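Participant: With my numbering as the guide, the letters of the sequence shown map in order to residues 46 to 221.
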Amino acid sequence: MISLRKLFKSDPDPREARRPLWNAVVATARQPHWYEAGGVPDTLDGRFDMVSLILALVLHRIDEDPAAVRAGVELTELFVSDMDGQMRQIGFGDMVVGKQIGRMVGALGGRLGAYKAADGSDELRAALVRNLWRGDAPGEDRLAYVAAQVAAQRAALAAAPVAELIVADRLPGGSA
């Protein structure tokens with residue numbers, strides 16, 4: 046006989062398996078060195094841009110393993126869910142949140158393409174200026190710092206097995 050509790054119990058959210066990795070992405074993006082030494086604006090936009098950058102690097106690494114495609118989708122869904130919650134917490138209403146989330150997902154998609162550029166390339170540097178500083182180029186020392194940190198983060202991610210990365214609660218390398 047089936048109990049009512051079992052009948053109405055919902056299955057656990059499979060995205061929750063990626064929650065530690067999502068928290069690690071956010072923690073890495075919020076490290077003070079990006080904003081202090083790198084000069085990334087410590088604003089809502091600047092924080093979103095940093096989360097998008099780190100998330101893009103992680104998703105690129107996950108995409109290298111066809112067996113981990115679902116983990117990348119779940120991580121992206123956590124991004125959407127978190128951004129939705131953040132927007133509502135700031136005070137955006139239901140009518141606006143959907144449109145803003147659509148823009149954020151579009152922005153993430155653009156960054157996923159832009160951040161495939163090779164480390165040290167003019168394309169990557171241009172993408173960093175366009176996205177992190179909204180086109181207003183920082184001093185060369187700050188741009189060089191962020192570009193070097195991105196390269197270090199990408200190298201650390203490349204050295205980590207994807208199967209370990211998708212269950213990690215901290216990102217390898219990249220912290221200054």
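Ideal Cβ positions, reconstructed from N, Cα and C, are used throughout, including at glycine. These numbers come from a predicted model, not from an experiment.
How would you label Thr88, buried or exposed, when you count the other beta carbons within 10 angstroms and need 16 or more for buried?
Facilitator: For the purposes of this step, residue 88 is taken as residue 43 along the sequence shown, with counting starting at 1. Label assigned to Thr88: exposed.
Participant: Do Ile107 and Ala113 have their beta-carbon atoms positioned less than 7 Å apart in this structure?
Facilitator: The residue you call residue 113 lines up with position 68 of the sequence shown. The residue you call residue 107 lines up with position 62 of the sequence shown. A contact, by the Cβ cut-off of 7 Å.
Participant: Give the DSSP-derived three-state secondary structure of Val212 in the structure shown.
Facilitator: Here residue 212 corresponds to residue number 167 of the sequence shown, with the count starting at 1. Three-state result, Val212: coil.
Participant: Three-state secondary structure (DSSP) at Lys161?
Facilitator: What you label residue 161 is simply residue 116 of the sequence shown in a count that begins at 1. DSSP places Lys161 in coil when its eight states are reduced to three.
Participant: Going by the beta-carbon positions, is the gap between Ala69 and Arg199 smaller than 7 Å?
Facilitator: Position 24 of the sequence shown, counting from 1, holds the residue named residue 69. Position 154 of the sequence shown, counting from 1, holds the residue named residue 199. In this structure, Arg199 does not lie closer than 7 Å to Ala69 by Cβ.
Participant: Grab the span of the alpha helix (DSSP H) containing Gln198 for me, first residue to last.
Facilitator: Here residue 198 refers to the residue found at position 153 when the sequence shown is read from its first residue. Gln198 -> alpha helix (DSSP H) spans Glu185 to Ala204.
Participant: If I'm right that Asp129 touches Ile146 with Cβ under 8 Å, what's the distance once you round it to whole angstroms?
Facilitator: Mapped onto the sequence shown, residue 129 falls at position 84. Mapped onto the sequence shown, residue 146 falls at position 101. Yes, they are in contact, since the Cβ atoms of Asp129 and Ile146 sit about 6 Å apart, within 8 Å.
Participant: Measure the C-alpha to C-alpha separation of Ile99 and Ala203 and round it to an integer number of angstroms.
Facilitator: The residue given as residue 99 occupies position 54 in the sequence shown. The residue given as residue 203 occupies position 158 in the sequence shown. Distance between the alpha carbons of Ile99 and Ala203: 13 Å.
Participant: I'd like the list of long-range same chain contacts for Trp67, defined as Cβ closer than 8 Å, with 5 residues on each side in sequence excluded.
Facilitator: Here residue 67 refers to the residue found at position 22 of the sequence shown. Excluding sequence neighbours, Trp67 sits near Leu120, Leu123, Phe124 and Asp127.
Participant: For Val96 versus Ala74, is the C-beta distance shorter than 7 Å?
Facilitator: Mapped onto the sequence shown, residue 96 falls at position 51. Mapped onto the sequence shown, residue 74 falls at position 29. Going by C-beta atoms, Val96 is nearer than 7 Å to Ala74.
Participant: Which of the three DSSP states is assigned to Asp110 in this structure?
Facilitator: One-based indexing of the sequence shown puts residue 110 at position 65. Residue state, collapsed to three classes: coil.
Participant: Thinking Leu230 and Arg170 are a contact (beta carbons under 8 Å), I'd like their distance in whole angstroms, please.
Facilitator: This structure cannot speak to residue 230, because the chain is shown only from 46 to 221.
Participant: If you check the beta carbons only, do Tyr190 and Gly91 fall under 7 Å apart?
Facilitator: For this step, residue 190 is matched to residue 145 along the sequence shown. For this step, residue 91 is matched to residue 46 along the sequence shown. Result no, Cβ atoms of Tyr190 and Gly91 do not sit closer than 7 Å.
Participant: Secondary structure at Val85, three-state DSSP: helix, strand or coil?
Facilitator: Within the sequence shown, residue 85 is the residue found at index 40, counting from 1. Coil at Val85, not helix or strand.
Participant: Determine the direct distance from the alpha carbon of Tyr160 to that of Val118, and round the result to whole angstroms.
Facilitator: In the sequence shown, residue 118 corresponds to position 73, counting from 1. In the sequence shown, residue 160 corresponds to position 115, counting from 1. Their Cα atoms are separated by approximately 18 Å.
Participant: Would you mind working out which of Ile211, Pro217 and Gly218 sits nearest Arg60, comparing C-alpha positions?
Facilitator: In the sequence shown, the residue the question calls residue 60 occupies position 15. Checking every option, the nearest Cα to that of Arg60 belongs to Ile211.
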